[in-house]
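Chains A and B, in that order, give the protein sequences. Numbered per the working numbering, the first sequence finishes at 364, counting up by one with no gaps. Numbered per the working numbering, the second sequence finishes at 1288, counting up by one with no gaps. For each residue, glycine too, the CB sits at the ideal point set by N, CA and C. If you're wondering where the values come from, they're calculated on a predicted model, not measured in any experiment.
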Amino acid sequence: MNTILHVRFPHLPFEAYPELSGVFTDITPAVQILPGDGALLDITGALRYWRRTPAQLTDLLQTRLLARHDLTVPIGGGPTRMIATMAVTTCHPGQVRLISADEALAFLHRQAVRALPGVGPVLERTLAQYGITTIGDLAALPAGTVQRIAGAALGRQLHDRATRGFDPRPITPAAPAASTSTTRRFPRDELDPDQRRRALLALACELGTVLRTRRAVATRLTLSVKYADASETTRTRALGEPTAHTPALRDLAYQLHDGLGLQRARVRALALRADLADDRCTAHQLTLDPGDERRRRIEAVIDRTETRYGRGALAPAALATPPRARTTGRPVRTYGRGCR
Amino acid sequence: MSYVHLHVASGHSARYGASLPADLAQRAAERGYEALALTDRDTLGGAVRHADACARAGLRPVFGADLAVRAPGTVGPTTVRGRTPVRGGTFVDESAPRMVLLARDRTGWANLCRIISAGHTLRAAAGGGQLVIPFDLLQSHAEGLTVLLGPASEPVRALAVGRTDQAARLLGPWRETFGPHLRLEAVHHRRPGTGPGSLRLAARTMGLARAADLPCVLSNAVRYADPGQGPIADVLDADRLLMPVRPGRTDSGERWLKSGADMAALAEEVARAAGLEHGGAAHLLAATARTAGECRLDPAADLGLGRVHFPEERLVGAAPGSAARVLRERCEAALRERGYDRIPAMRDRLDSELQVIQTLGWPTYFLTVARVVDDTRALGIRVQARGSAAGSLVVHLLGISVAEPVSNGLIMERFLSERRKSLPDIDIDVESARRTEIYRAVLDRFGPERVATVSMPETYRVRHAVRAAGLALGIAPDEVGKIAKSFPHVRARDARRALAELPELRPLADRAEHYGRLWELAEGLDGLVRGTAMHPCGVLLSDDSLLERTPVQPTATEQLPMSAFDKDDVERMGLLKLDILGVRMQSSMAYAVAEIRRTTGRVLDIDDRAQVPLEDPEALAMLREGQSLSVFQLESPGQRELAARLRPETFQDLVTQISLFRPGPVQADMIRPFLDARHGKRRPRYPHPDLEPALRVTLGVVVFNEQVIQLFSTMTRTDLAMGEEARRALSDPARLPVLEAWYRERARNASYTPQVIDEVWTMLKNMGSYGFARAHATAFALATAQSAYLKAHFPAPFYAGVLEHDPGMYPKRLVLAEARRRGVPILPADVQHSTAHYRAETLDDGRLGLRIALADVHGITAEEAARIAAGQPYTDLADFHLRARPSQPLARNLARIGALDALAHGAHRRELLLQLDELHRTRRQAAMPAQLTLTTDTAPAAATGLPEMSDQEQLDAELEVLGMDTTRHLMTSHTALLTELGVTPAHQLHQVPTGQTVLVAGAKVAIQTPPTRSQRRTIFTSLDDGSPGGIVDLVFFDDTHEQAAHVLFHRWLLVVRGQVQRRGSSISVVGQRAWSLADLATAHQSGGPAGLRAALATTPAPATTPASVVSPETPGGDRPSGARLWHASPGSAG
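Encoded structure:
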């Protein structure tokens, strides 16, 4: 029987992940990082190696995380990923909950139906109208009924999961996808499209510099716009060719922004995220336009200047003299894991 | 000649002007002006108030409007449709150029009215948007109008971008149209640059005028009366444009009503900048004054203020000049027909009334109203006069009012007299559901050139004001929404007072500082106009000059013409206003009568006294038991209590009761003396034997207006008309001392003793102006008696009518609970039997049951309801789904409330849901939705294994979908908990001794904070506990509000501890403490008896955490979604 652990640290910045995964791989090689959530560890084999029970090994993990990273995290464990995840959801930081194979099914049936993978908010509502609120309720139904409610394929899957706790998903050791993002918050609702474009220009410049210094290129850009009512719009588009060239990033950012057609929207923040690739695995299409060549050469100069004199030493004129100093907020940057 | 402000917007410019006309006129007078213009944006609605304010302040009024205009030469709206924003919506379009039109004379005013009316018609045809006047409309209506082209006009806009050549060319069409009455308007708001309000643009405007040889005027484009009100203008801009104030685009703060000296200084600056130092400024000011001087529109002569304009006599069936004769003939014929002609009192009364009417020259008025009433009756709509008009014999004889005045002791003078020159009011009550039919009939009869509905300005009250200010400040929308909703409906100017005084706002008040200027800005919006709606009942009738005196606009929903003026303005303009009030009870009664006929075949005429006696013993017995819910005028908790104490025996008792429970009698403490006298605890006392005839009917207590009139006239030996004048003076504190002196002198001369004089004066003064006209009460009491009769004898059709046409102050579920309690079988919603309407249905045992309508099913459309009803009966679920074609959510809702049980063939509701989902999927996949599907393989019921819905789940579904508990009372699910607590049910309260502490529980059905004698805030609430006793009435005095108010206002299911109190045979509970029943139930479920004790012991809300301050609607599980389940009356800050 397998033993899977789910460790949760949703609020940790992405740059901490490589360090953390060191602690995990010391214990078991089967570690899957879930960005923005935590990590999954398959300790089935490690138990023999360490000659410990799951509880003892989890204890060790807690101790090492606290000692090396000052982290107190909740850990859930069980025979499958599904049970481990459900177990960790019931824990508060520092708590450990390990579900043995014998009690797994009873534990599973006590959980709310929403906890079952494959049940989203819509299906949850539908099931509630049928009087199905726990996984146990669902398990009590004949397979045919579940399929009538949820459709044939999903119904069969849900039925398997609910009645037997069947979850064959393996732990695949993988690093999180690399990305980097920058955010600009506005101190008040920003309705002026020009101000928003200025903010986007600044974000694109910053993103370009970051990419080039890390010898990475962007394959896709994602623009998220946050509004006064805390809602958010997100648009993603792939670049024509993977690039770290600021004008290309800027133009795509503008396109994404213009595509929203915002007029009275009360924008509170803009964020630009780039999905990264290694710059060695990309090609650049040459053009007959000498301007493009010049811009790329200037960019190199800008990069060198910035390395010497600091960020923003050489910037587009539109950013140089803000007409109203207060409207441009301080950029907030977050980094994903870069390309190695 | 001195300077005159020619461009002034008042608070009547919706979401634009920040000061009301009265304030503007007062400031103008204080600042030494002799005249003042009012040029509201897109409306003339402030004109009458401006005229009156100017008259009071001693100013000469100038009238005009600030309008958007479509540029000469362009045809249609030139909107380029851009991309639809993914969020936040599009900009509010205000791009059209603007101009100011001033009316010089009567023709100008008429043209202005026509221009605005035509503009509104075009706007309605274009489906909304900005009100824009096409230029060709101006060309045909330019006579009598002066036009000012300011910074927002097209030529001056060209100047702002430096195109002098283009500006000169653009002036061409204007010059052609307006000739010598074209003016350029320079505005100097000390803004930088060359945009509107900048010195450079003002100078360029002046330069252009000089080059083009046009007069140039100086204006301040005023938006507010005083300096410092700029931020209010910003908030108004934000609310109009629907976005927060943007830095750099705020108001200049200069647009106040500056004094003449300030304006002269500005003129000097502009002239210097234009290079015309010598004489330029004087020229500018002189042109301004001259332009104002040319505007000679006289409010009295030209607007028709203070005169009356009846429809032409031929329209009411009289040859010109013969209206008086026709009126007399009609009245005398009616007199004979009703057999009154042998009663001398009747003849004398008729003669005297006709005499007064003729002297005042109003026979046409009465014939007009009679015409409207006749037309209404011809449509088969129930109609009857209300108000003081019911006291007139002429009104009765014309068939307008039903109650006969002489035998009911009603007097005419309350309604009209020679001493009162203003038009009397005849208000008529009609069936609410058919009001627009009457409007259309009136329009057809008198023609659209004489008829319009009256508008009603919607002004900022606290909730809207907070929302607007919050938007302007850029506070998050949901946060502002929560703040706004936590306020009761009070005036905006009371925002901070309400924060300081109301206990349920205490948590918000603690955080008030956090919101900065929000409160101050919100208060600044008080009373300003934010939109215009159709007045719910006013129709105005005039001669064919109506459209020359008022602009009209089509209303949004009904497309009826609506005047720009509100009801007070209309009265001042001497337009005949007829109040056609939609009364839901009249509709309900008409519906009940139709249902009686449909189910039993019996044709009941409730206006026939032989069939429906006014003093029906069973109906009166029912009222004496306090069972007056849904009975017209007697349904409020106070009236119900009073009915039990007063124990009405006669029709006259109903009249008295309706009048007693009013602010006047309550404040003058008349209820108790009256009840004591009535129940023989006290002999009726009359201050003087002379007064006995007037006061006998109410046992020595003054209740009616008519009695005040009679007391005055008896004590002062004057006629009743003088008495009415004295009664009116009572309500005016300024006239009170004069009145008292006059009264005392006359009474002394009539040789009354000082004690009598004093006693009567106290009675009269206490009464003040608050009394009820007996005529009005009598008209109301008719409907009361009729509805009580229907309720007592035909409960099922009656409740069907009440539920069909809205139950008034209580939620529908309470009406249904009462019907159930009174033994009416409630038939649940069922697609085999229910239609879109509530119906009475004959059961197998011959009784009538009440069938729930489909219309109340959440999310149903009128088409769907009609389709379901048309397709009945259905053979099975598939048949229903195929032919009725319900939407998926609707079908699910129907299944959940059991409306499809009849088609189930053994399947339970959840299995039906599953079958519906599959049917829906099949239908969606079918190529042609309407194609017959041959196989509907629904699996056998037993195989699904789905759990059945529990009783509680069924009840929850009913509350969620219908907003009513149709199968059983909702409190039954809490029986166990309530028994454990030892809660006293309503029907056992009468066994509890007075003063004993009890627990009561129930669903809140009404909550009010009415004005009381003590001026202290008292919360009245009623709980429906489902017991045979029905409703528990609760009173919370202000010392309990600290802990109880929040729960009372924001929770629905309540448990209350209080003391039993008795007044007469009525019982109420004086509340001490309130809990949310849902919270207690949760605590009981999770923690057992110990948890319950803990929940009872906790100090209840107002919660201390800031989060729940702003959100009184913390999830508590007792806020059912969708339907409105209780009634809340406007609260008061005091």
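**Q.** Proximity to residue 175 of chain A [Cα-Cα], best of B/1121, B/1068, B/1204
**A.** B/1068
(Q) Based on DSSP bridge pairs, tell me the residues matched to residue 1294 of chain B. (A) Nothing can be reported for residue 1294 of chain B: it is not among the residues displayed for chain B, which extend from 155 to 1288.
Q. In its own chain, which residues sit with a C-beta less than 7 Å from the C-beta of residue 1030 of chain B, not counting the 5 before and 5 after it?
A. For residue 1030 of chain B, same chain residues with a beta-carbon under 7 Å away, outside a window of 5 residues either side, are 1057, 1059 in chain order.
Q) Looking at the structure shown, is residue 734 of chain B part of a helix, part of a strand, or coil, going by DSSP? A) strand
Q. When the distance is taken between beta carbons, is residue 930 of chain B closer than 8 Å to residue 542 of chain B?
A. yes
Q | Start-to-end residues for the alpha helix (DSSP H) that takes in residue 877 of chain B | A | 874-884
(Q) If we define contact as Cβ-Cβ less than 8 Å, is residue 246 of chain A a contact residue for chain B? (A) no
Q. Given residue 152 of chain B, which residues of its chain have a CB within under 6 Å of its CB, disregarding the five upstream and five downstream residues?
A. Beyond the ends of chain B as shown, which are 155 and 1288, falls residue 152 of chain B; an answer cannot be given.
Q) How would you call residue 760 of chain B, buried or exposed, if buried means at least 16 neighbouring beta carbons within 10 angstroms? A) buried
Q: Give the secondary structure of residue 1006 of chain B by DSSP, where H, G and I count as helix, E and B as strand, and everything else as coil.
A: Here residue 1006 of chain B sits in coil by DSSP.
Q. Counting contacts by CB-CB distance shorter than 8 Å, is residue 261 of chain A in contact with chain B?
A. Cβ-Cβ to chain B under 8 Å: no for residue 261 of chain A.
(Q) So within the region 518-599 of chain B, which uninterrupted alpha helix (DSSP H) runs reach at least 4 residues, ignoring any that extend past its ends? (A) 547-551
Q. Terminal residues of the continuous alpha helix (DSSP H) containing residue 945 of chain B?
A. 928-947
Q) Touching or not, the region 249-262 of chain B and the region 296-307 of chain B, by the rule of three or more beta carbon pairs under 8 Å? A) yes
Q: Please list the partners that residue 173 of chain A has in chain B, where partner means a Cβ-to-Cβ separation under 8 Å.
A: 1068, 1071
Q: Report buried or exposed for residue 940 of chain B, applying the criterion of at least 16 other Cβ atoms within 10 angstroms of its Cβ.
A: buried
Q: Assess, as a yes-or-no matter, whether the region 1202-1216 of chain B is touched by the region 1224-1240 of chain B under the definition of 3 or more beta carbon pairs within less than 8 Å.
A: yes
Q) Is the distance from the Cβ of residue 958 of chain B to the Cβ of residue 745 of chain B below 8 Å? A) In this structure, residue 745 of chain B lies closer than 8 Å to residue 958 of chain B by Cβ.
Q) Exposed or buried, what is residue 696 of chain B when buried is set at 16 or more other beta-carbons lying within 10 Å of its beta-carbon? A) For residue 696 of chain B, the number of other beta carbons within 10 angstroms of its own is at least 16, and it is reported as buried.
Q: Determine the DSSP secondary structure at residue 295 of chain A, reduced to helix, strand or coil.
A: strand
Q. How about residue 776 of chain B and residue 937 of chain B: are their beta carbons less than 8 Å apart?
A. no
Q. Would you report the Cα separation of residue 439 of chain B and residue 314 of chain B, rounded to the nearest angstrom?
A. 23 Å
Q: Would you grab the beta carbon distance between residue 136 of chain A and residue 158 of chain A for me? Rounded to a whole angstrom, and I think it's under 8 Å.
A: 6 Å
Q: Indicate whether at least one CB of chain B lies closer than 8 Å to the CB of residue 284 of chain A.
A: For residue 284 of chain A, the nearest beta carbon of chain B is closer than 8 Å to its own beta carbon.
Q: Give a yes or no on whether the minimum CB-CB distance between residue 1058 of chain B and chain A is below 8 Å.
A: no
Q) Where in the region 796-831 of chain B do unbroken runs of the beta strand (DSSP E), each at least 3 residues long, occur, reported from the N-terminal end onward? A) none
Q) So is residue 287 of chain A in contact with chain B if we call contact Cβ pairs under 8 Å? A) yes
Q. Which same chain residues, not among the five before or five after residue 824 of chain B, have their C-beta less than 6 Å away from its C-beta?
A. 855
Q: Just tell me which of B/1159, B/1158, B/1138 has its CA closest to the CA of residue 1151 of chain B.
A: B/1138
Q. What is the residue span of the beta strand (DSSP E) that residue 1296 of chain B lies within?
A. Limits of chain B in this structure are 155 at one end and 1288 at the other, which puts residue 1296 of chain B out of reach.
Q | 6 Å Cβ shell around residue 358 of chain A - same chain, five flanking residues per side excluded | A | Its pLDDT being 38, under 50, residue 358 of chain A is placed unreliably by the model, and the measurement read from it follows with that caveat. So the qualifying residues of the chain are 205.
Q.
Please identify the residue among B/618, B/651, B/1061, B/647 whose C-alpha is closest to the C-alpha of residue 637 of chain B.
A. B/618
Q) Quick one: which chain A residues come within Cβ less than 7 Å of residue 237 of chain B? A) 285
(Q) If I measure Cβ to Cβ from residue 338 of chain B and keep anything under 6 Å in the same chain, skipping five residues before and after, which residues do I get? (A) Excluding positions up to five away in sequence, the list reads 303, 359, 363, 368, 370.
Q. Applying the criterion that 16 or more other CB atoms from any shown protein chain within 10 Å of the CB defines a buried residue, is residue 25 of chain A buried or exposed?
A. exposed
Q. Going by C-alpha distance, which of B/956, B/987, B/945 is nearest residue 976 of chain B?
A. It is B/945 whose Cα lies nearest to the Cα of residue 976 of chain B.
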